[in-house]
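S.K.: First to last, the protein sequences are chains D and V. Heads up: the first sequence is residues 4 to 211, going by the numbering used here. Heads up: the second sequence is residues 4 to 211, going by the numbering used here. I'd like to ask you about the structure that follows.
Number of protein chains: 2
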Amino acid sequence: MLVFLPRILDICGMEELSPFIENVSQKIKLDPENLDRLLAAFSMVKVKKKQFLIQPGFVAKQRIYVLKGAFRSYLIDDKGNDHTIQFAIEDWWISDYNSYIYQKPATQFVVALEDSVVMQIDYRSEQELKASSHQLETLFRMMAEKSAAFYARRITSNLTQNAEQRYTEFVGKFPDVAQRLPQYALASYLNMTREFLSKIRHDKVKKR
Amino acid sequence: MLVFLPRILDICGMEELSPFIENVSQKIKLDPENLDRLLAAFSMVKVKKKQFLIQPGFVAKQRIYVLKGAFRSYLIDDKGNDHTIQFAIEDWWISDYNSYIYQKPATQFVVALEDSVVMQIDYRSEQELKASSHQLETLFRMMAEKSAAFYARRITSNLTQNAEQRYTEFVGKFPDVAQRLPQYALASYLNMTREFLSKIRHDKVKKR
DNA sequence: CGCGACGTTGATTTGCCTCAACGATTGTGG
DNA sequence: CCACAATCGTTGAGGCAAATCAACGTCGCG
């Protein structure tokens with residue numbers, strides 16, 4: 004059998020991949036053959052800090068899993084302000100969701116916040132895997148459901164909480180993420196200015 | 004073969020179901036057998052205006068497709084304000100996403116805004132369909148992806164647009180929905196007060 | 001070691017909310 | 001079929017949460 008991309012197992016050991024395998028296994032128990040084909044569809048890529056994986060105008064051809072490092076997806080509005088859509092550190096998935104799913108030009112950037120290592124699968128390969136295996140179809144269905152549920156919770160947070168509550172909630176839910184992020188990035192995720200986040204963190208917003 | 008629920012085809016004609024079949028067919032072409040099993044898993048329910056299909060504290064056991072009428076899902080925050088999560092008119096799906104997917108107690112209400120007719124499937128039946136048919140698994144995977152993509156776009160809107168822009172966008176995208184809704188519901192979806200929406204609609208918020 | 005990116009702080013402004021009052025419309029019981 | 005209440009939308013006055021603007025300290029890195 005001919006392969007064009009290096010098989011991921013040829014270039015790295017099982018132990019490096021174990022977070023990925025664990026991530027998948029928590030969703031569905033795959034037959035060895037399916038796990039093998041899944042792994043074979045991914046390639047591993049090293050990414051330098053500040054490097055872009057996705058840019059507006061280009062179709063997001065890949066779905067990305069973070070093995071090591073940190074990423075941020077964001078977009079720039081008409082007034083030039085940037086808005087973070089998502090973060091991803093180890094064991095998170097990231098892409099421009101609308102661009103990847105519908106294979107339309109992206110509106111978001113995905114950029115490395117640190118030197119990172121990712122595994123990525125391209126859209127075509129993912130389609131083939133889903134079409135050829137019920138188990139892998141189930142895997143991706145569960146990933147989509149998780150994404151939708153996560154987004155729905157974020158909408159709820161944004162609707163019901165003020166700036167300070169959103170900050171507190173985020174730090175409570177993702178302490179490890181919050182630590183590693185530049186504050187301008189966190190502020191733009193929480194839909195507030197860096198100045199206001201700074202004031203919240205230092206209790207400079209007095210309640211009366 | 005024993006059936007406990009009346010087969011949906013026994014109580015209504017194909018032409019009544021055609022919007023539903025059309026909705027499904029746009030996602031995936033099902034074999035007749037799978038379409039048949041899918042239809043058999045749904046039951047049809049008439050719902051009076053103001054009747055609740057889902058309430059906080061109870062697990063959302065059903066995924067709901069609107070054949071006729073209009074619905075709203077919303078939640079009440081600590082201050083007693085209500086926030087609309089989603090609307091659904093003919094040919095839309097609705098539930099409390101997190102509650103249905105994870106079978107945890109709901110946080111949202113789903114209420115009929117008009118006398119309505121819906122088709123609903125319960126969680127268990129959906130699981131069985133997905134497990135037993137690759138095609139039906141694909142169908143539900145695509146529905147989850149659509150939901151996630153839709154939610155992601157809403158997050159983007161909320162991050163990048165002010166109240167007036169959000170209103171204009173909504174009316175542009177969903178003119179038929181906007182017409183039928185009480186304004187308090189639309190305001191709470193757009194994350195503003197009814198008073199402010201009223202001012203926007205009447206240009207009472209003057210630009211200088 | 002100098003410059004640009006990042007974070008902080010205070011003064012001022014503003015977009016939207018709150019509250020209150022009032023018409024219009026809808027629903028309902030007598 | 002009417003009376004009355006409840007719900008809904010509108011308008012204006014005043015208030016507040018968060019943005020904007022500006023200035024400055026600091027740190028990391030090329």
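Beta carbons are placed, not taken as given, at the ideal position from N, Cα and C, and that holds for glycine. Remember, predicted model here, so these are calculated numbers, not experimental data.
1. Of all Cβ atoms in chain D, is any one closer than 8 Å to the Cβ of THR196 of chain V?
2. Taking a cut of 8 Å between CB atoms, which residues from the stretch 16 to 40 of chain V lie near chain D?
3. Just the chain V side, please: which residues come within less than 8 Å of PHE143 of chain D by C-beta, in chain order?
4. Could you tell me which whole alpha helix (DSSP H) segments of length 4 or greater appear in the stretch 29 to 102 of chain V?
5. Using a Cβ cut-off of 8 Å (strictly closer), state whether TYR105 of chain D contacts chain V.
6. Determine, for TYR100 of chain D, whether the minimum Cβ-Cβ distance to residues of chain V falls below 8 Å.
7. Skipping 5 residues on each side, what residues in its chain have a beta carbon closer than 7 Å to that of ARG75 of chain V?
8. Is the CB of ALA152 of chain D under 8 Å away from at least one CB in chain V?
9. Counting contacts by CB-CB distance shorter than 8 Å, is ARG169 of chain D in contact with chain V?
10. Measuring only between beta-carbons, confirm whether LEU162 of chain V sits less than 8 Å from chain D.
11. My parser needs the alpha helix (DSSP H) runs of 4 or more residues fully inside the stretch 102 to 185 of chain D; what are they?
12. Looking only at its chain, what residues have a beta carbon closer than 8 Å to the beta carbon of VAL48 of chain D, apart from the 5 residues adjacent to it on each side?
13. Tell me, please, whether the stretch 100 to 107 of chain V touches the stretch 144 to 153 of chain D by the rule of three or more beta-carbon pairs shorter than 8 Å.
14. DSSP state of ASN194 of chain V, grouped into three classes?
15. Find the residues of chain D that neighbour LEU78 of chain V, judging by a C-beta separation of less than 9 Å, and give them in chain order.
16. So, using beta-carbon positions, are LEU193 of chain D and ARG169 of chain D closer together than 8 Å?
17. Give a yes or no on whether 8 Å exceeds the smallest Cβ distance from ARG66 of chain V to chain D.
18. Please list, in chain order, all residues of the same chain as ARG66 of chain V whose beta carbon is under 7 Å from its beta carbon, the five residues on each side excluded.
19. Can you list the residues of chain D that HIS137 of chain V reaches, using a CB-CB cut of under 7 Å?
20. Excluding the 5 residues flanking LEU38 of chain D on each side, which residues of the same chain have their C-beta closer than 8 Å to its C-beta?
21. Nearest to MET17 of chain V by alpha carbon, out of V:LEU70, V:ILE79 and V:LYS53?
22. For PHE3 of chain D versus TYR77 of chain D, is the C-beta distance shorter than 8 Å?
23. Determine the direct distance from the alpha carbon of LYS107 of chain D to that of PHE61 of chain D, and round the result to whole angstroms.
24. If ILE203 of chain D and GLU167 of chain D are in contact, beta carbons under 8 Å, what's the gap, nearest whole angstrom?
25. Please name the residue in D:PHE45, D:ARG156 and D:LEU200 whose C-alpha comes closest to that of ALA109 of chain V.
26. Straight-line CA distance for THR196 of chain D to LEU56 of chain D?
27. How would you list, in chain order, the residues of chain D whose beta-carbon sits under 9 Å from the beta-carbon of GLU131 of chain V?
28. Rounded C-beta distance between GLU93 of chain D and PRO35 of chain D? I'm assuming under 8 Å.
M.R.: In brief:
1. no
2. none
3. ARG144
4. 35 to 44
5. yes
6. yes
7. THR87, PHE90, VAL114, LEU116 and ALA188
8. yes
9. no
10. yes
11. 126 to 135, 137 to 163, 166 to 176 and 178 to 183
12. VAL120, VAL121, MET122 and GLN123
13. yes
14. coil
15. THR159, LEU162 and THR163
16. yes
17. no
18. TRP96, SER98, TYR103, GLN123, ILE124 and GLU129
19. HIS137 and GLU140
20. ILE24 and VAL27
21. V:LEU70
22. Because chain D here runs from 4 to 211, residue 3 of chain D falls outside it and cannot be looked at.
23. 8 Å
24. 5 Å
25. D:ARG156
26. 25 Å
27. Ordered by position in chain D, no residue passes the 9 Å Cβ test against GLU131 of chain V, which lies about 13 Å from the chain.
28. Not quite, the Cβ-Cβ distance comes to about 25 Å (not below 8 Å), so this is no contact.
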